[in-house]
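Chemist: In this text, residue positions in the sequence shown follow full-length UniProt numbering: the first is 1, and each later residue adds one.
Dumping the structure here so I can ask a few things about it.
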Amino acid sequence: MVVVAPHGTVNTGVVAGGQRQTTVGGPAEDGGSAAPMRQGPVRSGRLKSARRCFVPPPGFEEALTALDSGIVVLVGEQGSGRETHALNLLAHGSEEPVLVQVDGAVNISRWGPRGHGVHGYLVMEPPDPLALRAWDMSRLEGRLAEVGARLVLVLAEAPGLVAALEDNLSMPVVRHLPPDPRQIFSAHLSDGCSDAGACAAWLRSLEPGHHGELLPDGLPPRQAAQAARTVLRLGVASGVSGSEVARHLARTEGPEILARAQADPALLAHLLSLCVYGGMSPGVVQERAEDLLRLLAPSEKREPDTHSPRGLAAGDPVRPSPSETLRALGAHRVRRPGAESADTVSFFWPAVTETVWEALCRDRPDLMPLLHLWLAHPGHEAEQVERAGRGAAAMAAATAGRSLEHLPDLASASSPAAPFVAAWCLGTAVGDPVAGQQAGELLDRWSVAAEEPLRSVAAHACHPDCGRVPESQALPLLRHLVETQRHDADMSLIGVVMAALVRHFEVGDSAARADVLRRMLEWARSDGLLGLVAGLVCPNIAGTDLTWWCEQVLSGAELASCAVELVGHALDEPAAFPAMRDALIDWASEADGAEDRARALSRLLDALVAARQPGFLRWLLAMGRGPEGLPGKDLAARALTELRGDAAATNTD
């Protein structure tokens with residue numbers, strides 16, 4: 001860039017980057033020694049680009065009015081289009097304006113415009129804006145008026161800054177707010193497409209709700225313009241959907257973000273925390289990032305400097321603010337109605353997560369063991385545990401299952417959540433087209449393993465609320481776990497198995513429920529622990545969707561006899577009898593006044609009478625001893641009479 005300072009001695013020199021610099025020392029405002037001055041013209045190409053697809057942001061007219069005084073102070077977040085806003089303010093009303101940018105390091109209180117012919121001056125982020133006072137602004141306004149120029153001072157948003165500036169400068173301060181990303185997108189799309197009708201048709205074709213996926217609120221102008229360029233590159237007439245555009249953007253954005261974060265462990269830790277816990281509260285993402293940073297860069301931990309006002313350790317670099325960190329990662333804080341604790345943080349384009357994992361697993365396989373150690377300690381919240389498991393599954397998908405070699409260490413980590421994290425990983429990865437086979441093989445091995453942590457992982461992974469293991473795969477695994485359970489081992493695993501069986505029945509369709517019922521009948525016909533588990537599970541599934549059960553009993557098909565045998569088996573199991581007794585009473589209560597349910601219950605009891613099992617007789621006797629009005633008492637009495645009559649007839653014969 002050419003840096004010009006009129007009315008002074010010109011020196012030339014080479015600066016970093018090979019740029020040519022011309023510095024001029026003009027007389028100081030107080031008549032003292034010359035001070036170096038750095039400023040230069042805004043390149044015409046840059047100015048044209050800023051004006052070409054400009055969408056006036058909120059407050060643009062207000063800023064234009066304020067600029068009539070000669071100076072506007074514009075305050076906004078970095079990356080939100082502040083500079084474009086400022087350039088358009090200065091260029092407004094001129095076909096070919098001459099604009100000059102002044103180095104932000106210049107002492108504005110001593111600076112002044114030099115000569116005529118410049119329409120406007122842009123100053124980006126001077127180092128100490130709070131040092132400026134009203135008389136500095138008054139002096140500058142006079143100097144600018146003399147040469148017919150205007151000045152825009154652009155500052156970064158900070159808490160309390162606007163109010164402090166208004167007090168110090170005695171002038172209005174304009175708060176910059178970014179334009180609507182949809183308007184920016186439309187402007188760039190229209191500018192790059194010669195067929196206005198095709199552009200309009202493409203915008204109309206966006207799926208309902210997908211505007212927000214492609215152009216979420218708060219999307220920075222640069223990324224909104226990038227989205228438009230991507231659509232143009234893919235072709236507005238190609239039929240590409242908004243979701244496909246978002247995926248294309250993510251494929252570019254993810255590796256770029258990772259490359260930026262590679263040199264800064266703190267930024268890398270925050271990026272990976274966002275990949276795992278994005279969509280949760282800023283506090284969760286920050287806490288997990290700090291945990292990861294301690295693993296990534298343990299040598300950076302220093303004792304805090306008690307003399308530091310920010311509590312920084314001596315020699316520590318100043319860390320960026322949370323908003324700066326999110327901006328560097330292509331993410332944002334989503335404000336939610338109500339308490340601030342409801343806010344979340346996430347990538348603007350969530351598909352970035354997948355592309356970050358792909359790039360990370362490709363470029364940094366050395367981080368895999370450390371990341372699995374980190375994921376083993378996600379905190380105690382159920383959602384955080386799930387997110388950690390899905391993060392491990394994402395690495396498995398990105399490595400074609402190779403990263404699963406680190407899962408035994410994760411499952412055995414000294415963390416109460418570790419087995420659940422590993423279960424979520426396998427339960428998710430088993431449905432992946434690339435890593436699914438390896439995940440399934442691991443589940444097979446762990447379902448018969450001797451190590452309790454691995455068996456616990458397999459049991460939890462088979463729960464339908466913990467991933468995507470279908471019942472056709474989960475039920476054999478659960479049987480293996482029961483068959484290989486040692487009697488001296490922790491029996492809590494059996495409770496996990498039972499909960500998984502019941503849940504598969506609850507959430508399954510009719511075919512899945514029939515499969516569970518047949519499997520339970522197989523277990524009931526087995527000796528030992530399998531039969532006990534089947535008996536304990538039956539009362540729980542009998543209370544699920546009574547309409548379905550009635551349909552099966554009344555159908556007279558295979559499932560009807562299956563249901564009868566299972567109920568009889570549960571009544572025969574002493575440990576299962578109380579629950580099965582209560583389930584039948586509940587059925588009788590529901591059958592009161594419901595013809596189909598009453599017929600189904602009568603048919604079930606008739607079949608149990610014919611089966612003549614001791615547990616059913618115990619139930620009949622218990623019902624007879626029950627209080628008057630007990631649901632099913634009359635049916636039980638009738639069944640008991642029938643059973644005794646059959647017995648008497650048999651004895652007579």
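Each residue gets a CB set at the ideal place from its N, CA and C atoms; glycine is no exception.
Give the secondary structure of Met124 by DSSP, where H, G and I count as helix, E and B as strand, and everything else as coil.
Modeler: Your numbering for residue 124 matches position 124 in the sequence shown. Here Met124 sits in strand by DSSP.
Chemist: If you drop the 5 nearest sequence neighbours on each side, which residues of the same chain put their C-beta closer than 8 Å to that of Val162?
Modeler: To locate residue 162, count along the sequence shown from 1; it is residue 162. Non-local beta-carbon contacts of Val162 in its own chain, meaning distances under 8 Å to residues more than five positions away in sequence, involve Val75, Val173 and Arg175 in chain order.
Chemist: Please state whether the Cβ-Cβ distance between Val448 and Met498 is less than 9 Å.
Modeler: Here the question's residue 448 lines up with position 448 in the sequence shown. Here the question's residue 498 lines up with position 498 in the sequence shown. No, Cβ-Cβ distance for Val448 and Met498 is not below 9 Å.
Chemist: Excluding the five sequence neighbours on either side, which residues of its own chain have a C-beta within less than 6 Å of the C-beta of Phe185, listed in chain order?
Modeler: Counted from its first residue, the sequence shown places residue 185 at position 185. These residues qualify, in order along the chain: Leu215, Ala224, Ala227 and Ala228.
Chemist: Do His270 and Ala261 have their beta-carbon atoms positioned less than 9 Å apart in this structure?
Modeler: As a working note, residue 261 is residue 261 in the sequence shown. As a working note, residue 270 is residue 270 in the sequence shown. Yes. Within cutoff.
Chemist: Nearest by alpha-carbon distance to His460: which of Ala394, Val516 and Val385 is it?
Modeler: As a working note, residue 460 is residue 460 in the sequence shown. Ranking the options by Cα distance to His460, first place goes to Val385.
Chemist: Contact defined as beta carbons within less than 8 Å: I believe Cys199 pairs with Val236. What is the distance between those atoms, to the nearest angstrom?
Modeler: Position 199 of the sequence shown, counting from 1, holds the residue named residue 199. Position 236 of the sequence shown, counting from 1, holds the residue named residue 236. Rounded, the Cβ-Cβ distance is 6 Å, consistent with contact.
Chemist: If you run the structure through DSSP and keep just helix, strand and coil, what is Pro41?
Modeler: Locating residue 41 in the sequence shown gives position 41, counting from the first residue. Pro41 falls in the strand class under three-state DSSP.
Chemist: Taking 6 Å as the limit between beta carbons, can you name the residues of its chain near Ile108, skipping five residues before and five after?
Modeler: As a first step, residue 108 must be located in the sequence shown, where it is residue number 108. For Ile108, where only same-chain residues beyond five positions count, the Cβ hits under 6 Å are Pro126.
Chemist: Name the DSSP bridge partner or partners of Ser346?
Modeler: The sequence position of residue 346 within the sequence shown is 346, counting from 1. DSSP, once it has assigned bridges, lists His332 as partnering Ser346.
Chemist: Taking the straight line between their C-alpha atoms, what separation do you get for Val421 and Ser323?
Modeler: Position 421 of the sequence shown, counted from the start, is the residue given in the question as residue 421. Position 323 of the sequence shown, counted from the start, is the residue given in the question as residue 323. In this structure, the straight-line span from the alpha carbon of Val421 to that of Ser323 is close to 30 Å.
Chemist: Gly439 to Ser321, Cα distance in whole Å?
Modeler: Reading the sequence shown from its first residue, position 439 is the one you call residue 439. Reading the sequence shown from its first residue, position 321 is the one you call residue 321. Rather than Gly, the amino acid found at residue 439 in this sequence is Ala. Looking at the two C-alpha atoms, the distance is approximately 40 Å.
Chemist: Counting only the same chain and skipping the five closest in sequence on each side, list residues whose C-beta sits under 7 Å from that of Pro614.
Modeler: Translated into the one-based positions of the sequence shown, residue 614 becomes position 614. Leaving aside the five residues that flank Pro614 on each side, the residues in its chain whose CB is nearer than 7 Å to its CB run, in chain order, Asp572.
Chemist: Pair every Cβ in the region 130 to 139 with every Cβ in the region 52 to 63, then say whether three or more of these pairs are closer than 8 Å.
Modeler: no
Chemist: Can you have a look at Ser238 and say buried or exposed, based on whether 16 or more other CB atoms are within 10 angstroms of its CB?
Modeler: In the sequence shown, residue 238 corresponds to position 238, counting from 1. Flag for Ser238 reads exposed.
Chemist: Got a sec? Which residues, its chain only, sit under 8 Å from Ser472 by beta carbon, not counting five neighbours each side?
Modeler: Here residue 472 refers to the residue found at position 472 of the sequence shown. The answer, listed in chain order, is Asp515.
Chemist: Assign Pro304 to one of three DSSP states: helix, strand, or coil.
Modeler: The count along the sequence shown starts at 1 and reaches residue 304 at position 304. Interpretation of Pro304 is limited by its pLDDT of 42, a score under 50 that renders its predicted location unreliable; the figure taken from the coordinates is listed afterwards. Here DSSP, grouped into helix, strand and coil, assigns Pro304 to strand.
Chemist: Just reading off the beta strand (DSSP E) that Gly115 is part of, what are its end residues?
Modeler: Residue 115 sits at position 115 when you count from the first residue of the sequence shown. First-last for Gly115: undefined, no H or E at that position.
Chemist: Between the beta-carbon of Thr484 and the beta-carbon of Arg455, is there less than 9 Å?
Modeler: In the sequence shown, counting from the first residue as 1, residue 484 sits at position 484. In the sequence shown, counting from the first residue as 1, residue 455 sits at position 455. Contact: yes.
Chemist: Give the C-beta separation of Leu151 and Gly120 to the nearest angstrom, bearing in mind that I take them to be a contact with Cβ-Cβ under 8 Å.
Modeler: Counting from one through the sequence shown, the residue named residue 151 turns up at place 151. Counting from one through the sequence shown, the residue named residue 120 turns up at place 120. Contact flag correct, Cβ pair sits at about 7 Å.
Chemist: Beta strand (DSSP E) containing Ala156: first to last residue?
Modeler: For the purposes of this step, residue 156 is identified with residue 156 of the sequence shown, where counting begins at 1. Arg150 to Ala156 is the extent of the beta strand (DSSP E) around Ala156.
Chemist: On the three-state DSSP scale, how would you describe Leu99?
Modeler: Taking the sequence shown and counting its residues from 1, the one referred to as residue 99 is at position 99. For Leu99, the three-state secondary structure derived from DSSP is strand.
Chemist: Where in the region 60 to 111 do unbroken runs of the beta strand (DSSP E), each at least 3 residues long, occur, reported from the N-terminal end onward?
Modeler: 71 to 76 and 99 to 102
Chemist: For the region 274 to 289 against the region 329 to 336, do three or more pairs of beta-carbon atoms, one drawn from each stretch, fall closer than 8 Å, so that the two count as touching?
Modeler: yes
Chemist: Does the separation of the CB atoms of Ala86 and Leu47 fall below 9 Å?
Modeler: Residue mapping note: residue 86 aligns to position 86 of the sequence shown, counting from 1. Residue mapping note: residue 47 aligns to position 47 of the sequence shown, counting from 1. No, Cβ-Cβ distance for Ala86 and Leu47 is not below 9 Å.
Chemist: With distances taken from CA atoms, which of Ala583, Ala594 and Val567 is nearest Val609?
Modeler: On the sequence shown, residue 609 is found 609 positions in, with the first residue counted as 1. Of Ala583, Ala594 and Val567, the residue nearest in Cα terms is Val567.
Chemist: Could you say if the region 390 to 408 and the region 290 to 300 meet the contact criterion of at least three C-beta pairs nearer than 8 Å?
Modeler: Taking 8 Å as the limit for Cβ pairs, the verdict is that the region 290 to 300 does not touch the region 390 to 408.
Chemist: Please specify which runs of the alpha helix (DSSP H), each continuous and at least 4 residues long, are wholly inside the region 252 to 296, giving them in chain order.
Modeler: 265 to 277 and 282 to 296
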